[in-house]
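A quick write-up on the structure given underneath.
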Amino acid sequence: MTGRALLAGAVALWCGLASAHAQDATPVANDIPDLHEEAVAAGIDHTYAGPWEFFVGGGVAAFDCNSDRLPDLFLAGGTNPAELYRNDSPTGGALKFEKVAMGIPAEDLTHVIGAYPLDIDGDGLMDLVVLRLGRNLVLKGKGDCRFEVENGAWAFDGGRDWTTAFSATWEKGLKFPTLAIGNYVDRMAPGAPWGTCADNQLMRPAPGDRPDYSDPAVLRPSYCSLSMLFTDWNQSGVPALRVTNDRQYYRGGEEQMWHVDSGKPPRLYTASEGWRHLSIYGMGIAQADLYGNGYPVYALTSMGDTKLQQLDEESDTDRPVYKDIAYPLGVTAARPYTGGDVRPSTGWHSQFADFNNDGLLDLFISKGNVESMPDFAADDPDNLLLGQWDKTFTEVGARAGIALPRRGRGAAAIDLNMDGMLDLVVVNREAPVSLFRNLGARMSWGDQPLGNWLEVELVQSATNLNAVGARISVKAGNDTMDRTIAVGGGHASGQAGFVHIGLGTAERAEIRVRWPDGEWSHSYRVFANNFVRIERGKPDAEYWLPEPPASR
Ligand SMILES: [Ca+2]
Ligand SMILES: [Ca+2]
Ligand SMILES: [Ca+2]
Ligand SMILES: [Ca+2]
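Sequential numbering of the sequence shown, starting at 1226, is according to the numbering used here.
So this is what it looks like as C-alpha cells:
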C-alpha cells in the first residue's frame, strides 16, 4: 500500500485511458465484492410508488432505533405507506428484518419522499426528519423503534411543499441543529411546473432548552433542489450549504452554495468569490476526501454525466473554484455499462464507501429512468465504481451483482450484519427494495474474506452527541483514510451509526478525531476488525463486540 501519495500526482497521465473504464469488463486487481440480493428472504417487501410527484425521492434512513447498534431501515413509500424494519440479522449471517409499528398515525406515513436520521434533541435516541409531499415531520425517537410526531413541541412547521432534500449541521454555540429543507416544484403556482420552484428553508433553533424552529429563513432564490449538504469545503470549520438543483424545472438557475455563518443571514457564494455557473439535472451529492488533504471532492449525479468536482489547484484554496475530474477518473458513468441500452443514464443517489475493504473509496450511484423518458436509458443498472491504486475508478456493478433491471432512487451503504463488510440497500421506483448482503471477495472458486476494517462511532457530551461535522482520520501503515460525519446529501436518504473504514492488509491503525469545534484528539491506537467507540475526553477507545456469530 505504499506509494499512494506519489500516484496522486500521476492521475493526469491516465486521462487518455479513462474511456476504457466505461464497460464492466476491465480487469481489476482489487477484490470485487459479492453483493447478494436477499430482500425477500430477509423479510423486506417494500415498493416506492406513485404518480409524477414520486418520480423523484424514494429515500431510506438507516439508523438504530432500538439501541442494539444494528442499523434499522425506514423506507419511503410514496403513495404506499413508509415502513420501518427492525434489523434482527445475526452477526455475519443472512440479513433478517421485521416490520415494526412506529406509533405514528398511518396518514402521516403516506406521501413520504425521503428521511434523514439525527438526534435533534440530544437525548441519545435518534430522531427522524421525514420529507413529504405535504407536511414534513420531525419524529422524536422514544426507544424500542417507537416515535412521536414532535412538530408542535419543537415548533417545526412542516409546510405544504414538495420536499426533496435535507441537511443539518450544529452551528457554533447552538445547542440544537440547524436544519436545511430543500423543496422541488411549487405545483400550485401559476405556470407550474416550469420555473415555479418552491423556496428552500433554513431553520435555526431559537435559544432555549428544547428545539424551537419557530423562525425559519427562506433561501431565495431556490431552484428545485434534489439534494443538499452542509460541508466544510475549505476547512474553515464553518460548513457551507451545497445545493444541487434540477434544471428540468428552474429558469435561470444553477448549482448553489450558501454561506451559513454563525449569527448571520445565509448568503449565496457569488461569481466574484469564484463560484462557477453550472446547470445540471442535479439529483444527489456525495462528498469524500479522496486525496487525504482535507478538501472534499463532490460527486454530483445528473442525467447523463456524473460530475466529480475538485478544488482547482490553480486557484486559491479559499475560493470555491471547482473543476470536473469525472472523466480522467473514470466516473462519468454517462451510459449503462451493461445490458445494451446505449441511451444516457439517469443518476440519483451517490455515495462514497469502501465496499471491498482495500482502503480505497469506491463510488456507488443508483440509476433509473425518471419514468419512461424516451431519450434516456430504460435499462439503467446501478453503478459500483471500484477505487483503484492509480486513483481512477473501474465499473464492477455487474460483476458485483447489483445490475438489476430496477429504477434505483435512494440508497444506503451500511454494514447491516456487523461483519465489517458494507451491505447495500436500494429503494427502487415501482419495484421492490433491493437488499444486498456483502459476502466477501468474489472469486471463481467461491467467496473469500475481504481486507481488514474498522467501524468507528463518536460520542460527545452535552450537545451534538453524534459529532456531526467531525472528521475521523485513520492512519494505517503509510496510508491515511478520512471520513466526515455529515447529515445530508445522497438522494433523499441518510444514515447514522458506525462509520466504516476499509484497512486493506493493515492489522492496526491510529485514529485521530477532529471534533466539530475544530479540536484534534490525541491518537487512539486500535486493532483492525473491530467496532470502536470513541468518547470525547476519554483516554482510550472502547471496543464494542457484536453478538458472537451463532448459526453461520
Ligand atoms: Ca437496531
Ligand atoms: Ca432524540
Ligand atoms: Ca474500495
Ligand atoms: Ca455486512
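Using N, Cα and C, we set each Cβ at its ideal position, and we do this for glycine too.
Pull up the distance between the alpha-carbon of residue i and that of residue j, whole angstroms please.
i                  : j                  : result
histidine 1246     : alanine 1442       : Interpretation of histidine 1246 is limited by its pLDDT of 44, a score under 50 that renders its predicted location unreliable; the figure taken from the coordinates is listed afterwards. Each residue's alpha carbon lies about 44 Å from the other.
phenylalanine 1401 : glycine 1462       : 17 Å
methionine 1668    : arginine 1501      : 45 Å
alanine 1734       : lysine 1700        : 6 Å
leucine 1350       : glycine 1676       : 32 Å
asparagine 1255    : threonine 1730     : 12 Å
leucine 1274       : serine 1575        : Just to set this straight, residue 1274 is alanine in the shown sequence, not leucine. Near 21 Å, if we compare the C-alpha coordinates of serine 1575 and alanine 1274.
alanine 1687       : isoleucine 1759    : 15 Å
leucine 1466       : alanine 1286       : 21 Å
tryptophan 1379    : phenylalanine 1391 : 17 Å
lysine 1592        : glycine 1433       : 43 Å
isoleucine 1736    : serine 1698        : 6 Å
glycine 1671       : isoleucine 1257    : 12 Å
asparagine 1608    : threonine 1571     : 11 Å
arginine 1429      : phenylalanine 1580 : 36 Å
glutamate 1744     : valine 1757        : 20 Å
glutamate 1620     : valine 1712        : 27 Å
glutamine 1673     : proline 1436       : 48 Å
glutamate 1732     : glutamate 1498     : 45 Å
glutamate 1278     : alanine 1266       : 31 Å
tyrosine 1494      : aspartate 1543     : 12 Å
serine 1718        : phenylalanine 1618 : 24 Å
leucine 1629       : aspartate 1587     : 19 Å
aspartate 1604     : threonine 1272     : 18 Å
histidine 1484     : proline 1774       : 48 Å
alanine 1625       : glycine 1347       : 39 Å
alanine 1558       : arginine 1294      : 34 Å
arginine 1634      : asparagine 1653    : 5 Å
Let me make sure I understand the geometry here. Which of the options has the alpha-carbon closest to that of residue i?
i               : options                               : result
glycine 1507    : Met1528, Trp1458 and Gly1488          : Met1528
methionine 1646 : Arg1708, Asp1604, Pro1342 and Asp1583 : Asp1583
alanine 1692    : Val1485, Arg1739 and Asp1704          : Arg1739
glycine 1665    : Gln1685, Ala1465 and Asp1644          : Asp1644
alanine 1301    : Val1354, Gly1671, Ala1266 and His1261 : Val1354
aspartate 1249  : Met1706, Gly1633, Thr1705 and Leu1610 : Leu1610
tryptophan 1395 : Pro1252, Pro1771, Asp1742 and Phe1756 : Asp1742
leucine 1660    : Ala1636, Gly1671 and Glu1680          : Ala1636
threonine 1784  : Leu1320, Glu1308 and Phe1322          : Here the chain has residues from 1226 to 1777 only, and residue 1784 is not among them.
proline 1180    : Gln1720, Glu1480, Ala1513 and Asn1425 : No statement about residue 1180 is possible, as the shown extent of the chain runs from 1226 to 1777 and does not include it.
leucine 1427    : Gly1433, Phe1455, Ala1264 and Ser1746 : Phe1455
proline 1330    : Gly1347, Pro1306, Val1712 and Trp1483 : Pro1306
aspartate 1778  : Tyr1310, Phe1280 and Pro1569          : Absent from the structure is residue 1778, since the part of the chain shown begins at 1226 and ends at 1777.
glycine 1565    : Gly1762, Gly1488, Cys1422 and Ala1623 : Ala1623
aspartate 1352  : Val1681, Pro1252, Asn1689 and Leu1399 : Asn1689
glycine 1762    : Asp1411, Arg1708, Pro1774 and Gln1685 : Gln1685
glutamine 1720  : Phe1280, Gly1284 and Val1253          : Gly1284
glycine 1694    : Phe1381, Leu1364 and Ala1393          : Ala1393
With the cut-off set at 8 Å, would you say residue i and residue j are in Cβ contact?
i               : j               : result
leucine 1358    : isoleucine 1338 : yes
isoleucine 1639 : proline 1296    : yes
alanine 1602    : arginine 1632   : no
isoleucine 1710 : leucine 1728    : no
tryptophan 1573 : glycine 1612    : no
alanine 1551    : glycine 1715    : no
glycine 1268    : threonine 1389  : no
leucine 1536    : valine 1546     : yes
asparagine 1663 : leucine 1260    : yes
histidine 1725  : tryptophan 1769 : no
asparagine 1470 : glutamine 1460  : no
proline 1521    : aspartate 1530  : no
leucine 1201    : glutamate 1263  : Since the first and last residues shown for the chain are 1226 and 1777, residue 1201 lies out of range.
leucine 1224    : valine 1556     : The chain is shown only over 1226 to 1777; residue 1224 falls outside these bounds and no answer can be derived.
glycine 1722    : aspartate 1386  : no
glutamate 1323  : aspartate 1313  : yes
serine 1504     : lysine 1397     : no
arginine 1568   : aspartate 1600  : yes
glycine 1517    : threonine 1251  : no
aspartate 1411  : threonine 1421  : yes
asparagine 1361 : glycine 1328    : no
glutamate 1596  : threonine 1316  : no
alanine 1431    : serine 1447     : no
Check: When the Cβ atoms of the segment 1443 to 1451 are set against those of the segment 1392 to 1410, are three or more pairs found closer than 8 Å?
Finding: Output reads yes: the segment 1392 to 1410 touches the segment 1443 to 1451.
Notebook entry, point to check: Relative to ligand 3, what is the chain-ordered list of residues with a Cβ closer than 5 Å to any of its non-hydrogen atoms?
Noted result: A distance filter of 5 Å between CB atoms and the heavy atoms of ligand 3 selects the following residues in sequence order: Asp1579, Asn1581, Asp1583, Leu1585, Asp1587 and Gly1612.
Check: Looking at C-beta atoms only, is the number of pairs between the segment 1469 to 1482 and the segment 1417 to 1426 that lie closer than 8 Å three or more?
Finding: Judged by Cβ distances under 8 Å, the segment 1469 to 1482 makes contact with the segment 1417 to 1426, as three or more pairs qualify.
Margin query: Residues around ligand 4, please: the condition is that the C-beta lies closer than 6 Å to some non-hydrogen atom of it.
Written below: The set of residues with a C-beta under 6 Å from any non-hydrogen atom of ligand 4 comprises Asp1640, Leu1641, Asn1642, Asp1644, Met1646, Asp1648 and Asn1663, given in chain order.
Next item on the list: Examine the Cβ distances between the segment 1367 to 1377 and the segment 1744 to 1753 and report whether three or more of them are shorter than 8 Å.
Entry: Fewer than three Cβ pairs drawn from the segment 1367 to 1377 and the segment 1744 to 1753 lie within less than 8 Å of each other, which leaves the two stretches out of contact.
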